[in-house]
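S.K.:
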Amino acid sequence: MNQFAGYVIETPIGYRAMLRFAHEARPGPILGPGGNPVIFQTDAEAWKAVATHLLAYFNGDLRRHGATLTTARSEADALFPTLHRKGRAITVERRALAK
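If you read the sequence shown in the working numbering, its first letter stands for residue 385, the second for the next number, and so on.
Following this line, the structure appears as structure tokens:
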């Protein structure tokens, strides 16, 4: 199921904000320093954290299996150097060998 979800769970000591991303099977709490779940004092604070974290995820860098796409592209471009002939840049493409 490719869906995103955000909700709040009431605990005896406060409120816990939970997020589920499409690439994860189970929802998880918003974590603070040290990897411990953050406990909010009010329901509104927890919902604000859910909204903030979901928007940060949607507006963040695109990722592919944990790496940013710009990193993968620059590594791929490094394999195919650009040649300079008569002042012009020529990009080199590698093609598969025919059998």
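The beta carbon of each residue, even a glycine, is placed where N, CA and C say it ideally should be. Predicted model only: the values in this text are computed from it and were never measured.
1) Between which residues of its own chain and P413 is the CB-CB distance below 6 Å, once the five residues before and five after are set aside?
2) For F442, count neighbouring Cβ atoms within 10 angstroms of its own Cβ and tell me buried if that reaches 16, exposed if not.
3) Is G398 helix, strand or coil when you go by DSSP?
4) At what residues does the beta strand (DSSP E) containing H437 begin and finish?
5) Comparing alpha-carbon positions, which option in A433, L438, A440, N386 lies nearest A409?
6) Given that a residue counts as buried once 16 or more other Cβ atoms are within 10 Å of its Cβ, and exposed if not, what is G471?
M.R.: On the basis of the supplied data:
1) R400, M402, P421
2) exposed
3) strand
4) That residue, H437, is in no beta strand (DSSP E); its alpha helix (DSSP H) goes 427 to 442.
5) With distances taken between Cα atoms, A409 lies closest to N386.
6) exposed
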